[in-house]
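For the protein sequence lines, the chains are A and B, in the order given. Using my numbering, read the first sequence as starting at 1 and increasing by one per residue. Using my numbering, read the second sequence as starting at 293 and increasing by one per residue. C-beta atoms are modelled at their ideal positions from N, C-alpha and C, and glycine is treated no differently.
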Amino acid sequence: MASFWSLWVIILTAVTIVGITWILFANRKREQQPQEKTTGHVYDGIEEYDNPLPAWWFYMFLITILFGVGYLIVYPGMGNFPGLLGWTQVDQHDREVTTAEEKYRDMRDRYLALPVEEIAGDPKVRKMGMRLFGNNCAQCHGADAKGAYGFPNLTDDDWIYGGDPATIKATLINGRRAAMPAWGDILGDQGVSESTEYLLALNGRDVDDAKASAGEKHFKTYCAACHGADGTGNPALGAPNLTNGIWLYGGTREQIAHTLRAGRNGVMPAFDKTLSEDKIHILTAYVYSLSQ
Amino acid sequence: MSDQDRIDLQDVAPAEVAELDLYQRREKIYTRKIEGYFQRVRLYTGWPLLLGYFLLPWLDWEGRQAVLFDLPERKFYILGLVFWPQDFPMLAFLLIIAAFGLFAVTTVAGRIWCGYTCPQTVWTSIFMWLEQKTEGSRNQRIKLDKAPWSLEKLVRKVAKHGSWLFVGFATGLTFVGYFYPIKTLVPDLANLQASGWAVFWIFFFTVATYANAGWMREQVCKYMCPYARFQSVMFDQDTLIVSYDQKRGEPRGSRKRSAKLEELNLGECIDCELCSQVCPTGIDIRNGLQYECIGCALCIDACNSVMDKMQYPRGLIRYTSEHELQGGTTHWLRPRIIGYVVVLCLMVGVFWYNMLTRVPLELTAIRDRNQLYTTTDSGAIDNIYTLQLVNMHPDSHEFEISISGIDGAKIIGDTHYRLDGGEVRSITLRVRAEPETLDKPSTQLDFKAVASDLPSLQASSESRFMKPL
């Protein structure tokens, strides 16, 4: 326990306290200069009386020294000695967190007992949810939850895995790992370009018709298995709807081609370890309310 | 041996060197009661302030306490005004004006703050008065302290300390009443339902009042108060001080009352030491201007009462200035005073102007930083913002949010919000702009919030709009 630095601190502290006490007592007595009322120093013609200090100062000094000694016995300060009370910063923080959790758990548990659809309209739930969202979700999905490059818009009707409360909650608890394979090697540059045209055609964009029909063949071979024959997606697999003009990674030719070539492995973190059950319930209600 | 050869014996043994303690117990000061002109002035200035202190928390204003410093809600209510934490600079400015005003007063009239209005002096005077009533006059008190314990001594001491504690309790309770609505505090205390912290602070201020006014008294003025230490810096030759007129008074000495002053070789001071007996800081003002003197003018009243009895003119100890004592006249209007007054007027004017033009609405725009920007499918650029709108107005209003600074930029999200009086709302929205309208990667974007029914209630916040480099 007593490492070098611990001993260093202990010795310095102890020596200082003893030293201060000695200074206090050593200066108490002084000789009475018979006719001298001043200290003897002269500054710019100004002299200083040598009046006694109030006795209560002495007692104040003494009390502070005793307090310091008592404090160091009871709390940590002398090197690695933990103090008789065993107080630590971590303990204090944990106790505060526990107290706060206790305080708010009752409130959140009341909502936990009710289904998400019922509490989604409650303004208090919305406020709590907004704050939870701001702390945990806004960094990726944006403060207004309308998403950004690679992070879905949570306010629209387009859900990759499903937008019902149970699925939203499952997404929050377990997270998600997208698995769009890389088709670059299989399709080759020509194939990627043709498939891109077909996808754009599905969305009603201006395309090169010849390329698009070639792309349709590629689609039926490789893409329909996950994204559905008509391209409207499969929430069970997490395959997005490719026909509604909503592009998670961008809808330009270059961006769609890149997705096809390199694949996508988007990650939604799992929040079961970070957030308690009641918080996830409220967050689910909030996210659900955004799309209603 | 002849006389010239004699050498007188000299004692060469070293004198006994006495030992002194660096710290010395103070001698208890027994003040003598005196009445007079300045003590009446003190009553007229002191009582309104005391009544103000004790009665103000009981005043109501539009359903709430008129003067309330609501710390948990972070709002200070002073009559019709509500101060939020955002108004803290105003409070700081007000305190600066008050301090500057005090310095101006000190330059003109010396330590009249100390002598007449300082709470330490006011409460000490109250406690001294209670001491007079319970333990008697100065001589009676000195005798009582020397006497052995008896029933009478016990009763008197208990009465004194009891009355002191009572005043201390009333003071502490009232003080806490400025922070915890006093009309609920008193019943809560009676029903033992007051919060632990309220009880603690009442207890703390009771003990502090009792200790400061009952025991510490002049020790606060002599050793604890910072104003006492630096007030003399503002003095000059024309500042009013309480002083003994040495030219008139010296040489001092007692004499028969019937003796004529012109025939004696004495000054007007009869050395009755009444001035020292009434002094609450235990000094002798005849020694000259001392830093312990709080300017309470008790010695003036004491001396004047003696001068009256001796039928000498009043004013042997009086309010005067160094200049006047040296034979000149006090210059009231000097450059320093004019300077102080001008600066004070300026500061008060600025403060007043700020108070009148204060808009009780605050808007802060915070841009999302994780996603600096996001591109839409059409190629437009989106930036996401969180706006905090604080409606410090007591009424509810509908506010409209608008932007300016970028051609054609649009808000994606609601632009109308209704906020209650005193509500703080977080609003998230997106701003969309075409890249052609942005020539720099970071462009200034201004947000404005205006109350639809009160156009003067508006606030703006500057932010930035980012686009890809």
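Collapsed DSSP secondary structure at residue i in the structure displayed
i, result
"A:Thr64", "helix"
"A:Thr21", "helix"
"B:Ile300", "The sequence given here places Asp at residue 300 of chain B; Ile does not occur at that position. Note: B:Asp300 maps to coil in three-state DSSP."
"B:Val459", "helix"
"B:Lys367", "strand"
"A:Leu53", "strand"
"A:Gly40", "strand"
"A:Glu48", "strand"
"B:Arg324", "coil"
"B:His708", "strand"
"B:Arg578", "helix"
"B:Ser597", "helix"
"B:Trp493", "helix"
"B:Asp537", "coil"
"A:Trp8", "helix"
"B:Gln253", "What the structure shows of chain B is the stretch from 293 to 761, and residue 253 of chain B is not part of that stretch, so it cannot be assessed."
"B:Tyr315", "strand"
"B:Gln331", "helix"
"B:Gln485", "coil"
"B:Ile719", "strand"
"B:Lys702", "strand"
"A:Ser289", "helix"
"B:Leu746", "strand"
Partners in chain C for residue i, counting only beta-carbon separations shorter than 7 Å
i, result
"B:Arg722", "Chain labels in this structure do not include chain C; the protein chains are A and B."
Within 7 Å, strictly: CB atoms of residue i and residue j
i, j, result
"A:Ala143", "B:Thr656", "no"
"B:Glu654", "B:Ala594", "no"
"A:Leu132", "A:Leu283", "yes"
"A:Ala178", "A:Ala285", "no"
"B:Gly607", "B:Val534", "no"
"B:Arg724", "B:Ile693", "no"
"B:Gln531", "B:Gly402", "The amino acid at residue 531 of chain B is misidentified as Gln; the sequence shows Thr. Cβ atoms of B:Thr531 and B:Gly402: closer than 7 Å."
"A:Phe200", "A:Val207", "Note on residue identity: the sequence assigns Leu, not Phe, to residue 200 of chain A. Cβ atoms of A:Leu200 and A:Val207: closer than 7 Å."
"B:Leu681", "B:Arg717", "yes"
"B:Phe353", "B:Leu371", "The sequence shown places Trp at residue 353 of chain B, not Phe. Contact flag set, yes."
"A:Thr232", "A:Thr243", "yes"
"A:Gly250", "A:Asn203", "no"
"A:Gly175", "A:Pro269", "yes"
"B:Gln316", "A:Pro52", "yes"
"A:Ile73", "A:Thr21", "no"
"B:Phe385", "B:Phe643", "yes"
"A:Pro76", "A:Gly68", "no"
"B:Val570", "B:Ile326", "yes"
Interface residues of chain B facing residue i [CB-CB closer than 7 Å]
i, result
"A:Leu53", "Leu314, Tyr315"
"A:Asn244", "None at all; the shortest Cβ gap to chain B is about 11 Å."
"A:Phe58", "Tyr315"
Partners in chain A for residue i, counting only beta-carbon separations shorter than 8 Å
i, result
"B:Arg710", "Within chain A, no residue comes near B:Arg710; the closest Cβ sits about 13 Å away, beyond 8 Å."
"B:Asp660", "Ala138, Gly142, Ala143"
Proximal residues of chain A, C-beta to C-beta of residue i below 7 Å
i, result
"B:Arg509", "Going along chain A, no residue has its Cβ under 7 Å from B:Arg509, so there is no contact; the nearest lies around 12 Å."
"B:Gln663", "Gly142, Ala148"
"B:Asp576", "Result: empty, since nearest Cβ-Cβ is about 15 Å, beyond 7 Å."
"B:Thr678", "Ala143"
"B:Gly705", "Asp144"
"B:Arg430", "Going along chain A, no residue has its Cβ under 7 Å from B:Arg430, so there is no contact; the nearest lies around 23 Å."
"B:Arg521", "Correct list: empty, because the minimum Cβ distance to chain A is about 14 Å."
Closer than 9 Å at the beta carbon, the chain B residues around residue i
i, result
"A:Met130", "Ser718, Thr720"
Partners in chain B for residue i, counting only beta-carbon separations shorter than 8 Å
i, result
"A:Trp22", "Within 8 Å Cβ-Cβ: nothing; A:Trp22 doesn't reach chain B, min ~14 Å."
"A:Phe219", "Result: empty, since nearest Cβ-Cβ is about 20 Å, beyond 8 Å."
"A:Lys29", "Glu311, Leu312, Asp313, Leu314"
"A:Thr250", "With the sequence shown as reference, residue 250 of chain A is identified as Gly, and Thr is not the correct amino acid for it. In chain order: Thr667, Asp669."
"A:Trp247", "Asp669"
Under 9 Å from the C-beta of residue i: neighbouring residues of chain A
i, result
"B:Arg332", "The contacting residues do not exist; B:Arg332 stays about 33 Å from chain A at best."
> Quick one: complete beta strand (DSSP E) runs, 3+ long, within the stretch 627-690 of chain B?
Replying inline: With a minimum length of 3 residues, the continuous beta strand (DSSP E) runs that stay inside the stretch 627-690 of chain B are 653-659, 673-683.
>> Measuring CB atoms only, is the stretch 333-348 of chain B touching the stretch 407-415 of chain B, in the sense that at least three cross pairs come out at less than 8 Å?
In response: Yes, since at least three Cβ pairs between the stretch 333-348 of chain B and the stretch 407-415 of chain B fall closer than 8 Å, the two stretches touch.
>> Please give me, in chain order, every unbroken run of the beta strand (DSSP E) with length at least 3 that falls completely inside the stretch 191-238 of chain A.
In response: Fully enclosed beta strand (DSSP E) runs of 3 or longer: not present.
>> Just to confirm the assignment: which complete beta strand (DSSP E) runs, minimum length 3, are found wholly within the stretch 373-460 of chain B?
In response: Within the stretch 373-460 of chain B, the complete beta strand (DSSP E) runs of at least 3 residues are 373-375.
> Three or more beta-carbon pairs under 8 Å between the stretch 568-576 of chain B and the stretch 388-407 of chain B, yes or no?
Replying inline: The stretch 568-576 of chain B, when compared against the stretch 388-407 of chain B, does not touch it at the 8 Å Cβ threshold.
> Touching or not, the stretch 133-152 of chain A and the stretch 663-682 of chain B, by the rule of three or more beta carbon pairs under 8 Å?
Replying inline: Yes: at least three Cβ pairs fall under 8 Å.
>> Under 8 Å: do the stretch 508-520 of chain B and the stretch 443-461 of chain B share three or more Cβ pairs, one atom per stretch?
In response: No, they do not touch.
> Is there contact between the stretch 732-743 of chain B and the stretch 683-702 of chain B, where contact requires at least three CB pairs shorter than 8 Å?
Replying inline: Touching, yes.
> Counting Cβ pairs, one atom from each stretch, are 3 or more of them under 8 Å apart for the stretch 484-493 of chain B and the stretch 359-373 of chain B?
Replying inline: Touching, no, given that fewer than three Cβ pairs across the two stretches are closer than 8 Å.
> Okay, do the stretch 319-327 of chain B and the stretch 425-437 of chain B touch, 3+ Cβ pairs below 8 Å being the bar?
Replying inline: By the criterion of at least three beta-carbon pairs nearer than 8 Å, the stretch 319-327 of chain B is in contact with the stretch 425-437 of chain B.
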